[in-house]
Amino acid sequence: MTAKVVDASDYRLEFHYEAPRLTARIVGGRDTGLAVSSAYWLRIAEELRAAGASELLVIDGLQGEVMTNADLERFFALIDGSGLDRARIAYVEARMDQMPRIEFAELMARERGYTIRMFGNETDAAIWLRHGMA
């Protein structure tokens, strides 16, 4: 198992890799806008490629709101070609009040070819990565 921490001005990423899974925990402030979100997702994609992981567990501990529909469209354009579409991704949202927006983001991602599911807890996400159906 390998571990790595990336401190940025608006967030902190904690990576743990145990083949075949890369786990990325995001902590930080309330800024979850397009610039910050695309920056940390591109950083996650970079770690995913470097590790050669086929599974990605993202645990979101940020307190901000989910992006607007227009920003989500721009977000997917920005991360296109990053390699995230080649991994099975489970995303854990800490804020239950954000789940409807997160589910909408999941649908947008699936429309673009990502294998992704959103969860309210880490246990369900890990089970889906290991055994679940898309």
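As numbered in our numbering, the sequence shown has no gaps in its residue numbers, which increase by one up to the final residue, 1058. Every residue gets a Cβ at the ideal spot worked out from N, C-alpha and C, and that includes glycine.
Closest residue to residue i among the options (Cα-Cα distance)
| i | options | result |
| --- | --- | --- |
| residue 968 | 929, 990, 988, 943 | 929 |
| residue 957 | 1051, 1038, 997 | 997 |
| residue 981 | 1027, 1034, 949 | 949 |
| residue 1036 | 1019, 1002, 1054 | 1002 |
| residue 1048 | 978, 1028, 1013 | 1013 |
| residue 1043 | 1019, 1011, 1004, 926 | 1019 |
| residue 946 | 1055, 1026, 977, 1029 | 977 |
Residue i in three-state terms, based on DSSP
| i | result |
| --- | --- |
| residue 948 | strand |
| residue 1047 | helix |
| residue 1009 | helix |
| residue 936 | strand |
| residue 931 | strand |
| residue 991 | coil |
| residue 978 | coil |
| residue 954 | coil |
| residue 1004 | coil |
Cβ-based burial, residue i [other Cβ within 10 Å; buried from 16]
| i | result |
| --- | --- |
| residue 959 | exposed |
| residue 1041 | buried |
| residue 961 | buried |
| residue 992 | exposed |
| residue 1051 | exposed |
| residue 942 | exposed |
| residue 891 | Missing from the structure shown is residue 891; the chain here goes from 925 to 1058 and no further. |
| residue 1005 | exposed |
Cross-strand partners of residue i (DSSP beta bridge)
| i | result |
| --- | --- |
| residue 926 | 941 |
| residue 983 | 949, 1016 |
| residue 1040 | 1013 |
Expected contact under 8 angstroms - CB spacing of residue i and residue j to nearest Å
| i | j | result |
| --- | --- | --- |
| residue 988 | residue 1021 | At roughly 12 angstroms, the Cβ-Cβ gap does not stay under 8 angstroms, so residue 988 and residue 1021 are not in contact. |
| residue 972 | residue 1008 | 7 angstroms |
| residue 1046 | residue 1016 | 5 angstroms |
| residue 1011 | residue 963 | No, residue 1011 and residue 963 are not in contact; Cβ-Cβ is about 19 angstroms, not under 8 angstroms. |
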